[in-house]
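Step one of this worksheet: look at the structure below.
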Amino acid sequence: DAGVTQSPTHLIKTRGQQVTLRCSPKSGHDTVSWYQQALGQGPQFIFQYYEEEERQRGNFPDRFSGHQFPNYSSELNVNALLLGDSALYLCASSLGVRATNEKLFFGSGTQLSVL
Amino acid sequence: DAKTTQPNSMESNEEEPVHLPCNHSTISGTDYIHWYRQLPSQGPEYVIHGLTSNVNNRMASLAIAEDRKSSTLILHRATLRDAAVYYCILRGRGDTGRRALTFGSGTRLQVQP
């Protein structure tokens, strides 16, 4: 079972550019969440997708947008990149409504550097 | 969400037990205590969770205080592979996999050979 996979693993962009990060959830999972982790900090929730719609959103500007495809995979898009967007971007997948206290499974992340 | 407080860092020696504390004085009666850990260059991974009683699994044990205002994650014999950041997180009873996790800064555990 391939777990949560993210691509690319590393990315370098310049200020003002746009970036797209990709995530494939663990087999059988229907819910994908994205988190941003700055150096030395815990992950911060960006947003969550299930049934191909954004369902919850953390405190992030609308420069951050996403998409979920019918096969449950997801993309995170960031427009007009700022230096402060440099971080590790983590994707987490889960079974949405099967049980309470359902655990989340995380990918290894995409390290984004904005120069 | 109720808040948790953890020490910034702890050190342990290999093959010795490690007790990682977490304070959650504002925990509600229906909040579960979850622990995740993040190994270097990886995403967080689930470790264990509990409500009131102590819990054991193959990775660790979770000891919960009687008043539930604190808990302790116990690694019975630390290995070098256990060096990671450990996060203590509260989740409501009704939280499914569609409820976001709220991470603090966690405890960075260093394991010395």
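So the sequences go chain by chain: A and B. First residue of the first sequence: 136, per the numbering used here; consecutive thereafter. First residue of the second sequence: 1051, per the numbering used here; consecutive thereafter. We treat Cβ as the ideally placed atom computed from N, Cα and C, and that holds for glycine.
Are the CB atoms of residue j and residue i within a distance shorter than 9 Å?
i	j	result
Gly1142/B	Tyr1082/B	yes
Gly201/A	Val249/A	no
Gln191/A	Leu223/A	no
Val154/A	Ser208/A	no
Leu225/A	Arg157/A	no
Phe256/A	Val139/A	Given that chain A is displayed from residue 136 to residue 250, the structure contains no residue 256/A and the question cannot be resolved.
Leu1125/B	Glu1064/B	no
Asn1104/B	Ala1110/B	no
Ser243/A	Ser1091/B	yes
How is residue i classed by DSSP in three states: helix, strand or coil?
i	result
Gly1154/B	coil
Arg1131/B	helix
Gly201/A	strand
Asp1117/B	coil
Leu174/A	coil
Gly193/A	coil
Gly219/A	helix
Lys148/A	strand
Chain B partners of residue i, CB-CB under 7 Å?
i	result
Ser159/A	Per Cβ cutoff of 7 Å: no residues; Ser159/A is ~14 Å from chain B at best.
Ser142/A	Chain B residues near Ser142/A: none, gap ~14 Å exceeds 7 Å.
Gln203/A	Simply none; closest approach about 13 Å.
Using 10 angstroms around the beta-carbon of residue i, count the other beta-carbons present and answer buried if the total reaches 16, otherwise exposed.
i	result
Pro1094/B	buried
Gly177/A	buried
Thr998/B	Within the shown structure, residues of chain B are numbered from 1051 to 1163, placing residue 998/B beyond reach of any answer.
Phe180/A	buried
Asp1117/B	exposed
Glu188/A	exposed
Pro160/A	buried
Glu237/A	buried
Less than 7 Å between C-beta atoms, sequence neighbours within five positions excluded: which residues of the same chain meet that for residue i?
i	result
Tyr1136/B	Leu1070, Trp1085, Arg1087, Leu1123, Gly1156, Thr1157 and Leu1159
Arg198/A	Val213, Asn214 and Ala215
Considering only residues of the same chain and omitting the five flanking positions on each side of residue i, which have a CB-CB separation below 6 Å?
i	result
Gln152/A	Leu216
Tyr1096/B	Tyr1086
Ser1062/B	Val1068, Ala1128 and Val1161
Using the beta-carbon of each residue, which ones in chain A are nearer than 7 Å to residue i?
i	result
Thr1092/B	Before going on, a small fix: residue 1092/B reads as Gln here, not Thr. What Gln1092/B touches in chain A: Ser243.
Leu1112/B	Simply none; closest approach about 13 Å.
Ala1115/B	Residues of chain A passing the Cβ test: none, with the nearest at roughly 20 Å.
For residue i, collect the residues of the same chain with a Cβ closer than 8 Å to its Cβ; drop the 5 residues on either side in sequence, then sort them by chain order.
i	result
Thr1054/B	Cys1072, Asn1073, His1074, Cys1138, Ile1139, Leu1140 and Gly1154
Leu146/A	Val154, Leu156, Thr245, Gln246, Leu247 and Ser248
Which chain B residues are close to residue i, counting only those with a beta carbon under 8 Å from its beta carbon?
i	result
Leu217/A	Here the premise fails: no neighbours, minimum Cβ distance about 22 Å.
Phe180/A	Ala1150, Leu1151 and Thr1152
Name the chain A residues whose beta carbon is nearer than 9 Å to that of residue i?
i	result
Leu1123/B	What Leu1123/B touches in chain A: nothing, since even the nearest Cβ is about 15 Å away.
Cβ closer than 9 Å: which chain B residues qualify as neighbours of residue i?
i	result
Pro196/A	Under the 9 Å cutoff, chain B gives no residues; its nearest Cβ is about 17 Å from Pro196/A.
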